[in-house]
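Participant:
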């Protein structure tokens, strides 16, 4: 039940010890502020890394050719491994492979022009499944299909930045662009979460590129996805199986680390996820210890308050005050200081995170591996509840000590 006299007395006590109360409240505010900031910046870092992985399918493996570094069966090291269309077909036949695509001359930059506009853009020649492996999204028209490859069609799918530069306000679908002197018809426009660099790409059928640019049946790399529910160990087993197949086909040692290199996105993603799980535990540990340090300060201040008011408490008890009224008075003061100072630290932390978020948004929505720092609403509620409980505990021991004071001894206290 609300007792106005009790609260008036609590505020008078706080007013008499302004500096002491301020320093105690500051320690609690600083603790919850640091907890919020650590959690927010940790979340921003985690979301930045996860956004980086969202550019490609997490359950994908990317196979790159290299040069041998170990002599094998009479062949010297330093031999270049050249992938062919048959390598793509070999992997496509594997039962664990779901989506698969290859690239030819995937780092090639060509001059692309339309009417009076021209610029250099990256050309990627690939297969239809590349759209889903690269996690791109068609916003106009369509992507490459099997018919485009079989009929060697001169068609192209362009990124939104390419469309903006070449076509301005025109609809690019159906228009013809020139790539290295060869005319291609635009059939689609795509968006990609990988950032501006990905939006400057142009996709063309790999069969057309091999024929138009004297590639024969050469390919530079192959990427494919496995079961989305596959474990890291299963992806590692698939990685070893692919290395063994390529080693047998191209005649290099399966133990050669440079002949064929595989980027296992699932393994890399899980490594980062586990790392951030440990970081989150560490942040909570440090943050809670900081809050506890502030709460211990509240407990110490309450002990001093009880010591200073020993004679007053003795008189109260002599006049008939119950132990519960003494306990509730001390605990209410402790909870008041803890909750209000903690709430201030919580709001200050959330406000600063919003300010940082605004700055990140002004910078384009991300800053390297840092993106959208924030604290979950449930986390904020848990922190607030923890403060209430901690404030109660901080005042409990001094309150129990006050309730156990002998009135006669307390009255004689100087």
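Numbering (my numbering), first residue to last: 12 to 425. The beta carbon of each residue, even a glycine, is placed where N, CA and C say it ideally should be.
1) With distances taken from CA atoms, which of 40, 110, 89, 91 is nearest residue 99?
2) What did DSSP end up calling residue 155 once you bin it into helix, strand or coil?
3) What is the DSSP secondary structure of residue 12, reduced to helix, strand or coil?
4) Given the structure, does residue 160 come close to the ligand MN, in the sense that its CB is under 7 Å from one of the ligand's heavy atoms?
5) Name the one or two DSSP bridge partners that residue 148 has.
6) Please report the residue range of the beta strand (DSSP E) in which residue 132 lies.
7) Going by beta carbon distance, what residues of the same chain come within less than 7 Å of residue 390, once the five residues before and after it are set aside?
8) Beta-carbon separation of residue 220 and residue 200 under 8 Å?
9) Please list the terminal residues of the continuous beta strand (DSSP E) segment that includes residue 90.
10) Starting from residue 187 and walking both ways along the alpha helix (DSSP H), at which residues does that stretch end?
11) Taking the continuous alpha helix (DSSP H) assigned at residue 243, which residues delimit it?
12) Please report the residue range of the beta strand (DSSP E) in which residue 237 lies.
13) Checking 8 Å against the spacing of the C-beta atoms, do residue 84 and residue 269 come in under that value?
14) In terms of residue numbering, what span does the beta strand (DSSP E) encompassing residue 275 cover?
15) Sort out for me which residues DSSP pairs residue 112 with in a bridge.
16) Tell me the residue span of the beta strand (DSSP E) that contains residue 76.
17) What does the Cβ neighbour count give for residue 135, buried or exposed, with the cut at 16 atoms within 10 Å?
18) Indicate whether the contact test is met: 3 or more Cβ pairs, each with one atom in the region 392-401 and one in the region 340-357, closer than 8 Å.
19) Please classify residue 239 as buried or exposed, where buried requires at least 16 other C-beta atoms within 10 Å of its C-beta.
20) Measure the C-alpha to C-alpha separation of residue 233 and residue 264 and round it to an integer number of angstroms.
21) How many angstroms separate the CA atom of residue 252 from the CA atom of residue 272?
22) Identify, in the order they occur along the chain, each residue of the same chain with its Cβ nearer than 6 Å to the Cβ of residue 353, setting aside the five sequence neighbours on each side.
23) What residue does the alpha helix (DSSP H) around residue 174 start on, and which one ends it?
24) Quick one, which of 93, 89, 337, 23 has its alpha-carbon nearest residue 228's?
25) Got a sec, what are the start and stop residues for the alpha helix (DSSP H) residue 217 sits in?
26) So, is residue 214 buried or exposed, given that buried needs 16 or more other C-beta atoms within 10 angstroms?
27) For residue 131 and residue 41, I'd like the C-alpha separation in whole angstroms.
28) To the nearest angstrom, how far is the alpha carbon of residue 195 from that of residue 179?
Facilitator: Inspection of the coordinates gives the following:
1) As a first step, residue 99 is located in the chain shown; it is residue number 88 there, counting from the start. Out of 40, 110, 89, 91, 110 has the C-alpha closest to the C-alpha of residue 99.
2) In the chain shown, the residue the question calls residue 155 occupies position 144. Correct three-state label for residue 155: coil.
3) As a working mapping, residue 12 is identified with position 1 in the chain shown. Reliability fails at residue 12, whose pLDDT of 46 lies under 50, so the model's placement of it is uncertain and no value is given.
4) As for the ligand MN, it is missing from this structure, which has no ligand bound.
5) Within the chain shown, residue 148 is the residue found at index 137, counting from 1. Answer is 202.
6) On the chain shown, position 121 is the one that residue 132 refers to. Counted as a single uninterrupted DSSP element, the beta strand (DSSP E) harbouring residue 132 occupies residues 128-137.
7) For the purposes of this step, residue 390 is taken as residue 379 along the chain shown, with counting starting at 1. These residues qualify, in order along the chain: 50.
8) Here the question's residue 220 lines up with position 209 in the chain shown. Here the question's residue 200 lines up with position 189 in the chain shown. No, the pair does not count as a contact, with Cβ atoms beyond the cut-off.
9) On the chain shown, residue 90 is found 79 positions in, with the first residue counted as 1. No beta strand (DSSP E) contains residue 90, which DSSP labels as neither H nor E.
10) Along the chain shown, read from residue 1 onward, the residue named residue 187 stands at position 176. That residue, residue 187, is in no alpha helix (DSSP H); its beta strand (DSSP E) goes 187-190.
11) Along the chain shown, read from residue 1 onward, the residue named residue 243 stands at position 232. That run of the alpha helix (DSSP H) goes 243-261.
12) By 1-based counting over the chain shown, the position of residue 237 is 226. Premise fails: residue 237 is in no beta strand (DSSP E) and is neither H nor E.
13) Translated into positions along the chain shown, residue 84 becomes position 73. Translated into positions along the chain shown, residue 269 becomes position 258. No, they are not a contact pair.
14) Residue 275 sits at position 264 when you count from the first residue of the chain shown. Note, residue 275: beta strand (DSSP E), 271-275.
15) Numbered from its first residue, the chain shown carries residue 112 at position 101. Answer by DSSP bridge pairing, in chain order: 234.
16) Taking the first residue of the chain shown as 1, we reach residue 76 at position 65. Residues 71-76.
17) Position 124 of the chain shown, counting from 1, holds the residue named residue 135. Counting Cβ neighbours within 10 Å, residue 135 comes out buried, since at least 16 surround it.
18) yes
19) Position 228 of the chain shown, counted from the first residue, corresponds to residue 239. Its Cβ having fewer than 16 others within 10 Å, residue 239 is exposed.
20) For the purposes of this step, residue 233 is identified with residue 222 of the chain shown, where counting begins at 1. For the purposes of this step, residue 264 is identified with residue 253 of the chain shown, where counting begins at 1. Near 20 Å, if we compare the C-alpha coordinates of residue 264 and residue 233.
21) Within the chain shown, the letter at position 241 stands for residue 252. Within the chain shown, the letter at position 261 stands for residue 272. Going from the Cα of residue 252 to the Cα of residue 272 covers about 13 Å.
22) Position 342 of the chain shown, counted from the start, is the residue given in the question as residue 353. Excluding sequence neighbours, residue 353 sits near 39, 43, 398.
23) Residue numbering aside, residue 174 sits at position 163 when the chain shown is read from its first letter. 171-178 is the span of the alpha helix (DSSP H), which, as asked, contains residue 174.
24) Translated into positions along the chain shown, residue 228 becomes position 217. Nearest C-alpha to residue 228: 93.
25) Counting from 1 along the chain shown, the entry for residue 217 is found at position 206. Unbroken alpha helix (DSSP H) run through residue 217: 217-223.
26) Along the chain shown, read from residue 1 onward, the residue named residue 214 stands at position 203. The residue is buried, with at least 16 neighbouring Cβ atoms inside 10 Å.
27) As a first step, residue 131 must be located in the chain shown, where it is residue number 120. As a first step, residue 41 must be located in the chain shown, where it is residue number 30. Roughly 53 Å separates the two Cα atoms.
28) Residue 195 sits at position 184 when you count from the first residue of the chain shown. Residue 179 sits at position 168 when you count from the first residue of the chain shown. Using only the alpha carbons, I get a separation of about 18 Å.
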